[in-house]
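Chemist: Residue numbers (our numbering): 24 to 277.
Glycine included, every Cβ here is placed at the ideal spot set by N, Cα and C.
Values in this document were obtained by computation on a predicted structure and should not be read as measured data.
So that we are looking at the same thing, I have put the structure below in structure tokens.
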């Protein structure tokens, strides 16, 4: 049973368009001249170089952070114009979703920064149809990639294997066809933010061919945007995509 505790946090009001100077110093910035929509990171396992992976309305920007006072874009990967992108990594590969089309972007960083290659993975999946767009993705500790908010499976999760051959995702199975705005997975439990149902739902994904619902609860403003676990894995935090909505915590230890 999930026990709910509302956290009436005020930090959401702190975020402004201006750069907050609280214990921070701006070292450098890139003016893209367009809207950004997501950011992730990747560290080269060979030399430790850190890269920022920045989602833009028109593609993906890969930025070398070796000198934090002089950051350099080393590659721009163009893509369909989309308000939303989401970015995750596994090994030397980057995976990017968008809500317009062309499928899942797969970027090979093995020879970065000298050579960065990519292609768009948009297969026709059995009983689902052709993958074209997705809102979000998450890759768990085992190398399974969970796509959410796609044009197929009613927007419910689509599970891929990216550990066997990271450059060539393998379709594994669909999850229940309930639209999910965001997904988080750990210890074979999938936390689905089912925004239109207004619910946080937890699924057992230990058997990818038989994904089962463990429990579900409505979030306070019934427009569940995202969820994440604490380090111990016994508390889930959610937000609702509405003004003045609180961050909510749930005891998920049982």
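1) Could you pull the DSSP bridge partners for residue 68 from this structure?
2) Determine which residues share a DSSP beta bridge with residue 119 and list them.
3) How would you label residue 207, buried or exposed, when you count the other beta carbons within 10 angstroms and need 16 or more for buried?
4) Are residue 248 and residue 216 touching if we call contact CB-CB under 8 Å?
5) Report yes or no: do three or more beta-carbon pairs, one from the stretch 140-150 and one from the stretch 163-173, lie closer than 8 Å?
6) Below 8 Å on the Cβ atoms is my guess for residue 234 versus residue 226; work out the distance and round it to an integer in Å.
7) Going along the chain, which unbroken runs of the alpha helix (DSSP H) with 4 or more residues stay wholly within the stretch 199-223?
8) Kindly list the residues whose CB is nearer than 6 Å to the CB of residue 228, restricted to its own chain and excluding five residues on each side of it in sequence; keep chain order.
9) Please classify residue 108: is it buried, with 16 or more other beta-carbons within 10 angstroms of its beta-carbon, or exposed?
10) Quick one: is residue 176 buried, meaning 16 or more other Cβ sit within 10 Å of its Cβ, or exposed?
Modeler: Answer, in terms of the structure:
1) Paired residues: none, contrary to the question.
2) Bridge partners of residue 119: 110, 128.
3) With 16 or more Cβ atoms within 10 Å of its Cβ, residue 207 is classed as buried.
4) Yes, Cβ-Cβ distance for residue 248 and residue 216 is below 8 Å.
5) With contact defined as three or more Cβ pairs closer than 8 Å, the stretch 140-150 and the stretch 163-173 are not in contact.
6) Rounded, the Cβ-Cβ distance is 5 Å, consistent with contact.
7) You should have found no qualifying run.
8) Taking residue 228 as the centre and dropping the five residues before and after it, the same chain places the C-beta of 211, 213, 234 closer than 6 Å to its C-beta, in chain order.
9) By the neighbour-count rule (16 or more Cβ atoms within 10 Å), residue 108 is buried.
10) Buried is the call here.
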